[in-house]
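Here's the structure, in structure tokens; my notes come after.
Numbering (the numbering used here), first residue to last: 3 to 70.
If you want it as structure tokens, here you go:
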């Protein structure tokens with residue numbers, strides 16, 4: 003079953019992977035008390051949100067992907 007609008011785009015996959023990486027860094031940083039990992043996780047989360055938004059604005063979202 004192939005439903006449109008379920009994250010099948012470059013923007014969605016890029017944002018999801020970066021936010022998944024940031025959550026791993028945050029969890030490891032908080033668990034072990036490593037400040038560098040915690041702040042790296044925060045930075046990667048900000049970059050992930052920015053990449054997701056930017057790629058959507060650039061037309062790499064679900065609605066415009068089939069036009070390429």
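All residues carry an ideal CB built from backbone N, CA and C; glycine is no exception.
Query, Result
"Count the other CB atoms, across all protein chains shown, that sit within 10 Å of the CB of residue 52; report buried if there are 16 or more and exposed otherwise.", "exposed"
"Should residue 43 and residue 27 be called a contact, given that it needs their Cβ atoms to be closer than 7 Å?", "yes"
"Where does residue 56 sit, in a helix, a strand or coil, going by DSSP?", "helix"
"Please look up how many angstroms separate the CB atoms of residue 24 and residue 47, rounded, as I've assumed it's under 8 Å.", "4 Å"
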